[in-house]
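Be aware that the sequence shown starts at 57, since it is given in our numbering, and climbs by one per residue. First the structure, in the form of structure tokens, and then the observations on it.
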Amino acid sequence: MVPTHLLRKIVISKQKSILLVCWLSFFASCSFANENLHSGFDSLLRKHVITIDNGASTQVDYAGFMRDKPLLDDYLSELAKVEQTTFDSWSDNHQLAFLINAYNAHTIALILTEYPDITSIRDLGSLFSSPWKKEIAPLLGEIRTLDDIEHNLIRGDNKYQEPRIHFAVNCASIGCPALREESYTGDKLETQLQEQTQRFLADKTRNYLLDDTLYLSKIFSWYGDDFEQGWQGAHSIEAFIGLYSDALGLSEMQANKLISGDMSISFNEYDWRLNDITQ
């Protein structure tokens, strides 16, 4: 006969095992549901985003997106159904992937409102209004602007503290980092953000060294504070860039000069032309 105290331990151990299995099943189902949410957008991106410049950048087939607009609208409708409580139950990576995809999808939808009679996203604004301040995106219980998604949900309150999002959100312009040819997912987000950052910094049309001056995208000027918050120990733009010196093609000596603050930095003008395949 099994002693009572041993029997009690066996029962407790089994209960813990069952509880662990339940928790694992719950998180696995949440992850699957989250990734499946973006499958429609993923298919559209794979179909209508074209890789150019040996992989350094992409162009967008907006005419193709226009033909598939019902599918894009379906995806945006699915995003709008996600409740705040559901969103809050996800991991940070799944939340961030959701928000980046939402920003990019709503940007494409905004372009389609006037396409093909548009040469820049800024054509959708006016002297007194901005395309980024249009209330166009039903998301997490509110009608939001692109600025709200980027600056409040993604960048606000230092919740995610992820400077690499600047190489993932896409403003439909040639000067922007490449619109990725797939949707972002929580399970792959770290790899995707790393690839996007390396890809952007390796693009010599946007970032390059010339005569001891490092010419960088205006993104680093506009959002300089985001690169100085200590991510991976980087407390300056120079330190952040130094983490990717290989992508820039810098020698060890040049990288050390950059990190020490002894290299001149200049910011390139931003190219706001539409990132359309017709450009």
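In this text, a Cβ means the ideal position worked out from N, Cα and C, and glycines have one as well. These numbers were taken from a predicted model, which means no experiment stands behind them.
Check                                                                                                                                                        : Outcome
Tell me the DSSP secondary structure of Asp213 in three-state form.                                                                                          : helix
With Leu196 as the anchor, note down where its alpha helix (DSSP H) starts and where it stops.                                                               : Taken as a continuous stretch (DSSP letters only), Leu196 belongs to no alpha helix (DSSP H), as it is neither H nor E.
Can you pull the DSSP bridge partners for Ile108?                                                                                                            : Ser113
Can you tell me which of Gln250, Gly298, Asp117 puts its alpha carbon nearest to the alpha carbon of Leu346?                                                 : There is no way to answer for residue 346, as the model of the chain reaches only from 57 to 335.
Cα-Cα, which of Ser273, Asp173, Thr163 is closest to Ile192?                                                                                                 : Thr163
Using only the alpha-carbon positions, how far apart do Leu249 and Leu152 sit?                                                                               : 11 Å
Suppose the cutoff is 6 Å on Cβ atoms and the five residues either side in sequence are ignored; what does the same chain contact list for Asn160 look like? : Asn226
Would Pro187 be called buried (16 or more neighbouring beta carbons within 10 Å of its own) or exposed?                                                      : buried
Just to confirm before moving on: does the CB-CB distance between Ile156 and Ala224 stay below 8 Å?                                                          : yes
What's the C-alpha gap between Thr169 and Ala136?                                                                                                            : 19 Å
Can you tell me where the beta strand (DSSP E) holding Phe323 begins and where it ends?                                                                      : 320-323
With DSSP run on the structure shown, which of helix, strand or coil describes Ser99?                                                                        : helix
Which same chain residues, not among the five before or five after Val105, have their C-beta less than 7 Å away from its C-beta?                             : Thr114, Val116, Leu235, Glu237
With three or more beta-carbon pairs closer than 8 Å as the criterion, would you say the region 201-211 touches the region 122-136?                          : no
Here's the rule I'm using: 16 or more other beta-carbon atoms within 10 Å means buried, otherwise exposed. How should Gln252 be labelled?                    : buried
With C-beta atoms as the reference, is Tyr131 less than 8 Å away from Tyr171?                                                                                : no
In the DSSP assignment, what are the bridge partners of Leu270?                                                                                              : Leu265, Ile321
My output table needs one value for Leu299: the three-state DSSP class, helix, strand or coil.                                                               : coil
In terms of residues, what are the limits of the alpha helix (DSSP H) holding Thr247?                                                                        : 245-257
Quick one: what's Ala178 bridged to in DSSP?                                                                                                                 : Note that residue 178 is Arg in the sequence shown, not Ala. Paired residues: none, contrary to the question.
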